[in-house]
Structures are given as C-alpha cells and as structure tokens.
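Residue numbers (our numbering), protein chains in the order written: chain A, 1056 to 1152; chain B, 1043 to 1158; chain C, 32 to 345; chain D, 97 to 195.
Built from N, CA and C at the ideal position, the CB exists for glycine as well.
For clarity, every value in this text was computed on a predicted model and none was experimentally measured.
Notes follow once the structure below has been shown.
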Amino acid sequence: MKTAADVFTIVAMLGGLFFFVAGTLGLLRFPDTYTRLHALTKADNLGLGMVVVGLLPQAGHLVVALKLIVVWLLVMLTSSDVSQLIARAARRQEKES
Amino acid sequence: MNVPQLFGLTAAALVGLGVYGLIVNPQPLRKVLAFNLTGNGVFLACAVIAHRGAAAGMSGDPVPQALLITAIVVSFAASALAVGLMLRRFAQTGTNSLAAPDEAAPGEACTHAEAP
Amino acid sequence: MISAISVGIGILLLALALWTVVVRDTFAAVAGFIPYGLLLTLAWLVLRAVDVALTEAAIGAGLTGALLIRAASRLHPAEAAAQAEAPGPATRVAAGVAATAVAAVIAVCLLRLPDPAPTLAPEVARHIPATGVGNPITAVLLSFRAIDTLLEAIVLLFGVVGVWSLAPDRCWGGRPGLAQAVGPNDILVYLARVLPPIGVVIGIYIFWAGADHPGGKFQGATVIAAMWLLVMMSGLRDAPPVSRRWLRVVLVLGPAVFIALGLLGALTAGAFLAYPDGWAKLWIIVIEAALLPSLAVTLVLLMVGPPQRPEVGP
Amino acid sequence: MADVLIADVLIAVCALVLLMVAVGLLSVLRGPTRADRMMAAQLFGTGGIAALLLVGTASGVDSVVDVALTLAVLAAFASVAFVKADRQSEGDTANEEGT
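Dropping the structure here:
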C-alpha cells in the first residue's frame, strides 16, 4: 500500500514539474504580456494542482488533505481573477502609450 | 556549512545590502525598502539564533521567535507610517525628494531670509 | 537535502534583495520586493519557525506588498525627478565600503555564536503547563513576555494616531482613502464577494489554532484585515469615517482589556499581568479575543492611510 | 525507509520548482511593462506555495498547510492593490467595460 502511494506521489510530482517547466518556458518564449500571463496562470496552476494531488497520500490526517485541496481551489480562484485584472491593466497601459 | 551558518551569512549580506540602499537610493520609498531589507536581515539573524536554541523537544527557542512575530508586525506599522508621510508630502508639495528645499522645490517657503 | 534547498533559498533571497536595491525604477524594485517576502516565508519554514512563517506570509507577503505597490504607483509622477538626484560614484563607493564593513562584522559575529547555544526553551517547557496553552510561542507572547505584546498593541495604536495626524484639517473625521468607483460587473467585485467569507473563516481558524498550533491573533487579524480591505478596494463598501465611535471603541478594546486584566492580576496574583492560578488559559483567551478585532481594525486603518474626504460632500 | 526516500524526492521537486520560479522571475521582473512586473507576485503565489508545501511536508511540519492557506488567501492582495492604484492614477474607472 505504502509503495503504491509513494509511486503515485512521484508520478504526480513529475506531472507537476512538467507544468511548471512549461509555464516558465512560456514566460521566456511568449512575445507579449497577454500570452505570458496565459502561460503563467494556466500552467502554473496545473503544476500546483499536480503537486497538491501528489502530496495527498503523504498527508497524515484527512483534515490536512482537505486543507491541501482548499489551498489549490483558493489559488485557482484568486489567480484566475487576478490574471484578468492584470490583463486589463496591461491593456489600459497599452492604450495610453 | 550547515543551515544556521548559511542563513547567518545571508542575514549579514541582507543588512549590508539594506545599508547600501539606504545611502545610495535617493527616493524615500526606496529607503523604506532598504530599511526593510536591513530589518529582515536582523530578523533572519534572530531566527538563526532561535534555530540554534532548539531544545526540550521544541524546534527552536520560542522566545526569540515570539519577539520576531512582534517585530514583523511593528515593522509593518513603521512602513505604513513612513508611506503615509510620503504620500501626504507628495499631495501637499508635489515633490517626493529629500534634497534641501531650496534646490528641490523652489515654490516652498524657506524659513531663513534671502542671502544678503 | 534540506541544506541544499537552503542554499537555493539564500541565493534567491539575496538576488531579489540586490534587485530591489540596484534597479533604477522604483516600481520594479517594489515588484521584486513582493516575491522576496514570499521567499522569506520559505526561509522561516526551513529554520523551523512556523509561527514566524505564518506571520510573514500574512504581513510580509500580503499587506506590506500591497502598501508599497500602492505607494509606488501614486509616487510614479515624481520618479524622474527623484532619479536625477542619484549620488555620484564617490558616495556609492563610500556606501559600498560602509555596507561591506557592517555586513562583515555581523557575519563574523553570527559565525562565531557560542556553542552550545544559549536557549530558553527548557525554561519555557518547564513552565508552559501553568499557562494551559500548547503552543510555546503563544505562551511566550501572552504569558511570559505579555508586557511586550501589550506594548506592541499600544505601538500599533500610536501608528494609527500618527497616520491620522497626517490628515488635512478640513478632512478630519472623514473617510480615509480615495473614493472607489467600480462597475457592478467588474471581476474585482466578484472576487470581493467570494473571497472574504472564506478568508474570514480562515482568519478565525488561524486565530483559534494559535492556542496549540502555529497561529494566533496577529496572523488571524491580518487575514481578516486583508479581506475587509479587499471589500473596500472593490468599492462594495466604503471605508468608515474615522470619527465613528464604534471604530474608536474597537481600536482601543484590545489594549484596554489587556491593561485591565493586567491590573486585575496585580490585585489578585501580586504582579501586573500575572495570572491567578488555574485561570491563565481563560485570561489568555479573553485577551486574545479582545485583541483580534482591535488588531484587524488597526491594520486596516494603517493600510488605508489618513482621512482624505470630509464627512459631508466632497 | 520509504519515508526518507519520499522526503528526498519532495525536496528535489521543490528545488526544481524554485529553479523554474527563479528563471520565470528573471524574465518577468525585466518588464517591460508594469503589468509584466506585477506577474512576479503571481508567479510566486503559485510556485511559492508549491515549494512551501513540498518543503513543509518533507520536513514533517503539518501546520505548513495553514501557512499555505494564508498565502493562498493573501497572495492576490498585492496584485489587486496594484490594479486599483493603477486605475486611480489614471482616473478612468468610468470607461471600464464590465464583462
């Protein structure tokens, strides 16, 4: 059982790392603010999600596991809203210049 | 090199960077930032001392850790007051410079009389 | 392994600190300061100071970042003039020498700390059962060194008085901050409707957990304060005028209860802030519960700044 | 011994996530626009929380989840302050179309 959980953790971590690498590649390669914002908020959120999923079997208590999921949901809520806000701020600055 | 020594060196470097920034950067907001860096360096030194004091089943000496919590909150209050002063001065005079008033803001009233 | 990650955190911390010091543009410096605060949270965690990490996450990464970003945006028009005042190379070299000297002295001191390290942890462990709380930091903050916490609460109050004293005469007693006008369909309004209920629950949870686990009034109050500020920034609710009586009562409630119970301790237990036997936990809970709203309101008022709009009409 | 192995894996993943965040920061902080720079906070909001959870779980600190919860609630706060201050300094809240 323990080994299966650990294998699951490692696989999920690799998935999470993949998304973090993809997000950073996007930040480096994409040409403008909007596409970079897209890479950042989408890929990194998935990366965090995979990390959280991978940590679930390692959480000692059910409460800890539930809190881990709440963390991910909260980050998804705030970062999707903030990415919209930042994109609008960027467009406003673009209009002026 | 162990973890306390490593963060001890980081703390010292943070204090140094803060002192440098405090002297070199002319903008008041930058000075607040630099002062926060210095403060964080001191906090980090304090946390290193707390970490080394781990005993009696505790992960660190709780007394310096409690002081750190107090310090972080108070340094926020100090930054807020400094920012308040800055914004008020900017709203009043339109300047955000720390240079002597006669070179930075010619419109400002000087307390001393004109040179004879 | 943990020391490997410490090296990474240390280098990144210094790189961001260097960025905030040397970059030309103030806004860029502040933008670097926010991840720096988040990274410090990681550093506290690696140093096993979880309570401090929680405080840093709330104040260093949350409130301070917002405070500085707002200031940098407002002061942006004065940026060019201020940059022109940068000191010459002679000053820079002198500052570099001075800073290096200070850093070197501190580094030597920190590398030559006495071994074994002096510690008060056994003392705390011996006396903690008398307080009834399980988290040693809470025991230190509210029992062994309660006078520090009391003075801190009063210092914060003086901070608010200081910020208020910056108000122009005609605005005295009015509402702090600028008027917020946001369209009803704005995404910010959505966030300000969804997040605060969750945030307030988390704030109260962290406050409550502080008795036995990392947490406490400062961290909880900061989260609650941030939620209130979010509602204000979205324009859903305006900031309260500073002349309101309820506001002032809440502001002084925590320190007042703290002092009152301290004096009561002088009568019943023989010393200011001493707790009578068996009552320590109850008194600590009463003090913390009174401090929580006071601290939250204090932090909000420090963030929003002095009154800027007169009570009636603009 | 599986726990030790997993702890090492978590720390290694944490190091790589931090590396990715650092590289991302390098690119974001350079700008050119202020919105680009504001992404630094966002980047650390997700990557930083992941690193925090990984280090905390690896060193067996259960309450790290509470720290992560606090960060998750507050990480967006600075960005919101930026957007608000930006709007106010332009003073054009009126022509903001709501979608």
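Other residues of its chain near residue i: CB distance less than 6 Å, five sequence neighbours each side excluded
i	result
D:Phe178	Met134
B:Val1074	Ser1121, Ala1124
C:Ile255	Val231, Gly234, Ala327
C:Ala60	Thr51, Val54
D:Gly127	Arg133
D:Ile102	none
B:His1093	Pro1046, Gly1102
D:Ala146	Val113
D:Ala171	Gly141
One or two residues paired with residue i in a DSSP bridge
i	result
C:Arg206	C:Arg340
Contact set between residue i and chain A, taken where Cβ atoms lie within less than 7 Å
i	result
C:Val220	None at all; the shortest Cβ gap to chain A is about 10 Å.
C:Val52	Within 7 Å Cβ-Cβ: nothing; C:Val52 doesn't reach chain A, min ~24 Å.
D:Ser123	Leu1082, Leu1083
Cβ shell of residue i (< 8 Å), same chain only, five flanking positions each side left out
i	result
C:Val77	Ile33, Ile36, Ser37, Ile40
A:Leu1092	Ser1138, Ile1141, Ala1142, Ala1145
Helix, strand or coil at residue i according to DSSP, with G and I counted as helix
i	result
C:Arg157	helix
C:Pro108	helix
B:Gln1069	coil
C:Glu116	coil
B:His1154	Confidence is the limiting factor: at B:His1154 the pLDDT is only 38, short of 50, which leaves the residue's position unreliable, though a coordinate-based value still follows. Three-state DSSP puts B:His1154 in coil, outside helix and strand.
B:Asn1044	coil
B:Met1100	coil
D:Ala103	helix
A:Asp1136	helix
C:Gly246	coil
A:Arg1146	helix
D:Ala190	At D:Ala190 the pLDDT is 37, less than 50, meaning the model places this residue with poor confidence; the figure from the coordinates comes in the next sentence. Correct three-state label for D:Ala190: coil.
C:Pro227	helix
C:Trp239	helix
C:Trp75	helix
A:Tyr1089	helix
D:Val119	helix
D:Asp182	helix
C:Leu151	coil
Under 8 Å from the C-beta of residue i: neighbouring residues of chain B
i	result
C:Ser34	Met1043, Asn1044, Val1045, Leu1048
C:Met334	Ala1122
Presumed contact (8 Å Cβ cut-off) between residue i and residue j, rounded CB distance
i	j	result
B:Ile1111	C:Phe189	The pair is not a contact, with the Cβ atoms about 19 Å apart (cut-off 8 Å).
D:Ala282	D:Leu148	Outside the displayed range of chain D (97 to 195) lies residue 282 of chain D, so it cannot be described from this structure.
C:Val155	B:Val1105	7 Å
C:Gly251	C:Leu172	Contact flag wrong, Cβ pair sits at about 13 Å.
C:Thr180	C:Ala170	About 11 Å separates the two Cβ atoms, so there is no contact after all.
D:Ala174	C:Ile65	5 Å
C:Ile318	C:Val288	6 Å
D:Val161	D:Cys110	That pair is no contact at about 15 Å.
C:Gly285	C:Leu322	4 Å
B:Gln1107	C:Asp82	6 Å
Own chain partners of residue i with C-beta closer than 7 Å, once the 5 adjacent residues on each side are dropped
i	result
C:Gly68	Glu87, Gly91, Ala92, Thr95, Gly96
A:Thr1096	Ser1134, Ser1135, Ser1138
C:Pro337	Val194, Trp195, Leu197, Ala198, Pro207
A:Thr1090	none
B:Gln1047	none
A:Phe1075	Asp1099, Gly1102
A:Ala1120	Leu1111, Ala1114
C:Arg340	Cys202, Gly205, Arg206, Ala210
Under 8 Å from the C-beta of residue i: neighbouring residues of chain A
i	result
D:Arg196	For residue 196 of chain D there is no data in the structure shown, the boundaries of chain D being 97 and 195.
Residue i: contacting residues in chain D (beta-carbon distance under 8 Å)
i	result
A:Gly1102	Val113, Thr142, Gly143, Ala146
Within chain D, the residues that residue i reaches when beta carbons sit closer than 7 Å
i	result
A:Val1066	Result: empty, since nearest Cβ-Cβ is about 11 Å, beyond 7 Å.
A:Leu1092	Met135
A:Phe1075	Val113, Met116, Gly143
Residue i: contacting residues in chain C (beta-carbon distance under 9 Å)
i	result
A:Asp1136	Ile218, Leu219, Tyr221, Leu222, Val225, Leu226
A:Leu1113	The sequence given here has Gln at residue 1113 of chain A, not Leu. What A:Gln1113 touches in chain C: nothing, since even the nearest Cβ is about 16 Å away.
A:Thr1133	Leu222, Leu226
Under 9 Å by beta carbon: chain A residues contacting residue i
i	result
C:Ile237	Result: empty, since nearest Cβ-Cβ is about 11 Å, beyond 9 Å.
Partners in chain C for residue i, counting only beta-carbon separations shorter than 7 Å
i	result
B:Phe1118	Ile90, Leu94, Thr95
A:Leu1140	Ile218, Leu219
D:Asp182	Ser104
Contacts that residue i makes with chain C (C-beta to C-beta distance below 8 Å)
i	result
B:Ala1132	For the sequence presented, residue 1132 of chain B should be read as Phe rather than Ala. In chain order: Arg105, Leu106, Ala109.
B:Gly1102	Leu78, Arg79, Ala80, Ala152
D:Val163	Thr72, Leu76, Val81, Ala84, Leu85, Ala88, Pro245
Near the ligand ADP: residue i beta-carbon under 6 Å from a heavy atom
i	result
B:Phe1049	Of ligands this structure carries none, so the ligand ADP is not represented either.
Chain B residues whose Cβ lies nearer than 9 Å to that of residue i
i	result
C:Arg176	Val1105, Ala1108, Leu1109, Thr1112
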